[in-house]
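So the protein lines, in turn, are chains F and G. According to the numbering used here, the residues represented by the first sequence are 616 to 669, in order. According to the numbering used here, the residues represented by the second sequence are 59 to 217, in order. Think of the CB as a built atom: it goes at the ideal place given N, C-alpha and C, for glycine as much as any other residue. Predicted model only: the values in this text are computed from it and were never measured.
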Amino acid sequence: MSSVDIAKQIHEDIDQIMRGLSVEDQEIVLREAQNIVKSLRRIEQIASKAKTQA
Amino acid sequence: MVRVYLELSTLISLANPLDLFHTQTRNFMDEMRTFGFEAVSCRQAVEMDLAIGLTRRPLRVGDALRILEVMDAYEIKLLSLNSRDLLLLVNEYLRETSLKFGDLLHYAGATLLNADYLSSWNTDDFNERTEESINNVNVRRGLKTIKVGTPNMILRWLR
């Protein structure tokens, strides 16, 4: 898949989730997405630290 | 300073050396740096892209981490907006265009971040026609209008 195909697929998936939700629920989804990315960064930090200590 | 907004397709191509647009995107970023332009993206839009990309599978964890990495490496500023303002604008766009919510998060992000240009390789959803629909709403709301194009088009306009 090219970058364009992936971006289009993700934006289509976001549409399926967000369209029709209240703005309050949309805000909750944005917050949860932020938490996922925060966790991802934290996992990577821990993994990098473990690698350098090994 | 000229502010250029980067949509997801440009971020993915920058992060993936095997992507069709990778070299062109790198050249674009190098030229932007030379000209002193500011590269930005909307934190909420990118976080949504990465989170949904991971949960619905088009992205692997390594892909998402690499995107975050290249944003740091190329000094692409990930800027936060008031989520409610962002969503209210997206929902207004939704009523007036046939674009997807994910696309509109980037249009709204670029508008509210006062970007001069929005760059995307996805010319189906980011083109002159969609630019006009978005700018109709922006003009009505007294918001900044944006110019939409591929990285190559934007470089041509700016040279």
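- Closest by C-alpha distance to N149 (chain G), out of G:F79, G:D121 and G:G167, is G:G167.
- Scanning G:F95, G:E96 and G:I125 for the CA closest to the CA of A109 (chain G) turns up G:I125.
- Between S141 (chain G) and chain F, the shortest Cβ-Cβ separation is below 8 angstroms.
- Our two residues, R198 (chain G) and T667 (chain F), have alpha carbons roughly 54 angstroms apart in a direct line.
- Counting other Cβ atoms within 10 Å of its Cβ, G94 (chain G) stays below 16 and is therefore classed as exposed.
- By the neighbour-count criterion, in which a residue is buried when 16 or more other Cβ atoms sit within 10 angstroms of its Cβ, P209 (chain G) is buried.
- Scanning chain F for C-beta atoms nearer than 8 angstroms to the C-beta of M106 (chain G) yields I629, V644, L645 and A648, reported in chain order.
- Each of G:L146, G:L72, G:L170 and G:L78 was checked against the Cα of M616 (chain F), and the nearest Cα belongs to G:L78.
- Listed along the chain, the chain G residues whose CB falls inside 7 angstroms of the CB of S617 (chain F) are D77 and L78.
- Taking 8 angstroms as the cut-off, the beta carbon of T169 (chain G) is found closer than this to the beta carbon of L201 (chain G).
- The criterion of a C-beta distance shorter than 8 angstroms is satisfied by V98 (chain G) and K135 (chain G).
- For Q641 (chain F), the chain G residues whose Cβ falls inside 7 angstroms of its Cβ are L145, in order along the chain.
- P116 (chain G) reaches chain F at M616, D620, I621, A622, Q624, I625 and D628, counting residues in chain order whose Cβ is nearer than 9 angstroms.
- Pairing D174 (chain G) with Y165 (chain G), the inter-Cα distance amounts to about 12 angstroms.
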